[in-house]
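Novice: The structure's right below; bear with me while I get my questions together.
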Amino acid sequence: GQSLEQPSEVTAVEGAIVQINCTYQTSGFYGLSWYQQHDGGAPTFLSYNALDGLEETGRFSSFLSRSDSYGYLLLQELQMKDSASYFCAVRAHTGGFKTIFGAGTRLFVKA
Amino acid sequence: DTAVSQTPKYLVTQMGNDKSIKCEQNLGHDTMYWYKQDSKKFLKIMFSYNNKELIINETVPNRFSPKSPDKAHLNLHINSLELGDSAVYFCASSPGTSYEQYFGPGTRLTVT
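The listed protein sequences derive, respectively, from chains A and B. For the first sequence, my numbering assigns the number 274 to the initial residue and increments by one for each residue that follows. For the second sequence, my numbering assigns the number 301 to the initial residue and increments by one for each residue that follows.
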């Protein structure tokens, strides 16, 4: 089967750095994505890692370790607008490509 | 210049009714998806179509029937609605089997 685990909630202060971890178990693993979803909004794509290492996109970075079945999303210089839910998602090939989402981490950014 | 659009945005209906949700994308993508997001925000794939052909059909009751008249449209018809069908339904699209999916604004379905 496939499963993903990520913390349900994280709270951080404006201007700080926060890391949201994700561990997964899946067959046919291809890569790990991250999506952001504001309340009442649609998920929007943030990043994707297919290979081990760190990918940086502005204030956001994502890391993957395939051997540890682990990844994280790093948000720097937090802003109030970063308050949202963040989903890790595994891209797997099991008879066809499929994206399986984690349960999401609710990030609260405080002033 | 909406990329992925869904109608309606809100749908309130009674148990036992049949309803449809429409999705259109103008991104030129050839793969489209339906996801269900429950009250705990868990996002689960329901169906995926590539060039009008069904490629993923998760364990979804057969009361749910997707239809893709062309690669820019993917509609979802639900028969005999149940209370447990209340959720937000998201349509998404991607170029081929790309990892980057573009989501529509969602349809909040409430079954009373």
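From the three backbone atoms N, C-alpha and C, an ideal C-beta is built for every residue, glycine too.
Less than 8 Å between the beta carbons of E278/A and T378/A, yes or no?
Specialist: Within the first sequence, the letter at position 5 stands for residue 278/A. Within the first sequence, the letter at position 105 stands for residue 378/A. Their beta carbons are not under 8 Å apart, which means E278/A does not touch T378/A by this criterion.
Novice: Are the beta-carbon atoms belonging to F360/A and L348/A less than 8 Å from one another?
Specialist: In the first sequence, residue 360/A corresponds to position 87, counting from 1. In the first sequence, residue 348/A corresponds to position 75, counting from 1. Cβ distance not < 8 Å, so F360/A and L348/A don't count as in contact.
Novice: In terms of residues, what are the limits of the beta strand (DSSP E) holding F381/A?
Specialist: Against the first sequence, residue 381/A aligns to sequence position 108. Where F381/A is concerned, the enclosing beta strand (DSSP E) stretches over T378 to K383.
Novice: Ignore the nearest five residues each way along the sequence and tell me which others in N317/B's own chain have a CB closer than 7 Å to its CB.
Specialist: On the second sequence, position 17 is the one that residue 317/B refers to. Contacts found: L381.
Novice: Less than 8 Å between the C-beta atoms of I378/B and D385/B, yes or no?
Specialist: Residue numbering aside, residue 378/B sits at position 78 when the second sequence is read from its first letter. Residue numbering aside, residue 385/B sits at position 85 when the second sequence is read from its first letter. Yes, they are a contact pair.
Novice: Strictly under 8 Å for the Cβ-Cβ distance: is G413/B near chain A by that measure?
Specialist: Shown here, chain B extends from 301 to 412; a query on residue 413/B therefore has no answer.
Novice: So what's K340/B in DSSP terms, helix, strand or just coil?
Specialist: Counted from its first residue, the second sequence places residue 340/B at position 40. Coil, per DSSP.
Novice: Please list, in chain order, all residues of the same chain as F390/B whose beta carbon is under 7 Å from its beta carbon, the five residues on each side excluded.
Specialist: By one-based count along the second sequence, residue 390/B stands at place 90. Excluding positions up to five away in sequence, the list reads Y335, Q337, F403, G404 and G406.
Novice: Exposed or buried, P395/B, counting other C-beta atoms within 10 Å across all chains shown (16 or more means buried)?
Specialist: Taking the second sequence and counting its residues from 1, one reaches residue 395/B at position 95. P395/B is exposed by the Cβ-count criterion.
Novice: Counting only C-beta atoms, is L311/B closer than 8 Å to chain A at any point?
Specialist: The residue given as residue 311/B occupies position 11 in the second sequence. By this cut-off, L311/B is not an interface position.
Novice: Distance check for H311/A and T307/B, CA to CA, integer angstroms please.
Specialist: Taking the second sequence and counting its residues from 1, one reaches residue 307/B at position 7. Taking the first sequence and counting its residues from 1, one reaches residue 311/A at position 38. Going from the Cα of T307/B to the Cα of H311/A covers about 20 Å.
Novice: Residues of chain A with a CB under 7 Å from the CB of Q401/B: which are they?
Specialist: In the second sequence, the residue the question calls residue 401/B occupies position 101. Per Cβ cutoff of 7 Å: F318 and T372.
Novice: Since L327/B is in the beta strand (DSSP E), which residue starts that stretch and which ends it?
Specialist: Within the second sequence, numbered from 1, the residue matching residue 327/B stands at position 27. Run containing L327/B: none; DSSP gives neither H nor E here.
Novice: Relative to the C-alpha of A385/A, which candidate in E350/A, L346/A, V291/A and D355/A has its C-alpha closest?
Specialist: Coverage of chain A is limited to positions 274 through 384, which leaves residue 385/A absent and any answer about it impossible.
Novice: Out of Q314/B, S305/B and N351/B, state which residue places its alpha-carbon closest to the alpha-carbon of T397/B.
Specialist: For this step, residue 397/B is matched to residue 97 along the second sequence. Among Q314/B, S305/B and N351/B, the Cα nearest to that of T397/B belongs to N351/B.
Novice: Go ahead and pull the three-state DSSP assignment for K354/A.
Specialist: Locating residue 354/A in the first sequence gives position 81, counting from the first residue. Three-state result, K354/A: helix.
Novice: Skipping 5 residues on each side, what residues in its chain have a beta carbon closer than 6 Å to that of L327/A?
Specialist: Locating residue 327/A in the first sequence gives position 54, counting from the first residue. So the list reads S334 and F336, once near-sequence residues are dropped.
Novice: Should V304/B go down as buried or exposed, given a rule of 16 or more other Cβ atoms within 10 Å for buried?
Specialist: In the second sequence, the residue the question calls residue 304/B occupies position 4. Looking at its Cβ environment, which holds 16 or more other Cβ atoms inside 10 Å, V304/B is buried.
Novice: Answer with buried or exposed for D325/A, where buried requires no fewer than 16 other C-beta atoms within 10 angstroms of its C-beta.
Specialist: As a working note, residue 325/A is residue 52 in the first sequence. By the neighbour-count rule (16 or more Cβ atoms within 10 Å), D325/A is not buried but exposed.
Novice: Is there at least one Cβ from chain A nearer than 8 Å to K371/B's Cβ?
Specialist: For the purposes of this step, residue 371/B is identified with residue 71 of the second sequence, where counting begins at 1. Not an interface residue.
Novice: Are T330/A and S342/A closer than 8 Å when you measure CB to CB?
Specialist: As a working mapping, residue 330/A is identified with position 57 in the first sequence. As a working mapping, residue 342/A is identified with position 69 in the first sequence. No, these two residues do not count as a Cβ contact at 8 Å.
Novice: Would you mind working out which of C295/A, G314/A, V286/A and T372/A sits nearest E358/B, comparing C-alpha positions?
Specialist: If you number the second sequence from 1, residue 358/B lands on position 58. Ranking C295/A, G314/A, V286/A and T372/A by Cα distance to E358/B puts T372/A first.
Novice: Name, please, each residue of chain A whose Cβ falls closer than 8 Å to the Cβ of T359/B.
Specialist: By 1-based counting over the second sequence, the position of residue 359/B is 59. Those do not exist, as T359/B stays about 12 Å from chain A at its closest Cβ, beyond 8 Å.
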